[in-house]
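To convert a position in the sequence shown, counted from 1, into our numbering, add 13. Contents: one structure, followed by commentary.
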Amino acid sequence: MFQQNPKSAIRDFEWIESLANKEGMVLVEDHEMPANNRLLEWLKTG
Numbered sequence: 014m015f016q017q018n019p020k021s022a023i024r025d026f027e028w029i030e031s032l033a034n035k036e037g038m039v040l041v042e043d044h045e046m047p048a049n050n051r052l053l054e055w056l057k058t059g
């Protein structure tokens, strides 16, 4: 089947959250997806 590139995923949630917060974004929802994936929903504030 398909092979996944290990560099194609974001593995450090805290780093992403820190970047988003610096840009005035807050996490609205963390949706669990199939195959151990996540969909992070952010909202720009201000």
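The C-beta atom is built at its ideal place from N, Cα and C for all residues, glycine as well.
Rounded straight-line distance, which links the Cα of residue j to that of residue i
i: Gln16; j: Arg51; result: 19 Å
i: Lys35; j: Ile29; result: 10 Å
i: Asn49; j: Ala33; result: 22 Å
Residue i - containing alpha helix (DSSP H), residue span
i: Lys35; result: Phe26 to Lys35
Distance between beta carbons of residue j and residue i, contact taken as under 8 Å
i: Glu54; j: Glu42; result: 4 Å
Residue from the options whose Cα sits closest to the Cα of residue i
i: Thr58; options: Leu40, Met46, His44 and Ala48; result: Leu40
i: Leu56; options: Ser21, Gly37 and Asn18; result: Gly37
Opening and closing residue of the beta strand (DSSP E) in which residue i lies
i: Asn18; result: Unbroken run through Asn18: none, as it is neither H nor E.
i: Asn49; result: That residue, Asn49, is in no beta strand (DSSP E); it is neither H nor E in DSSP.
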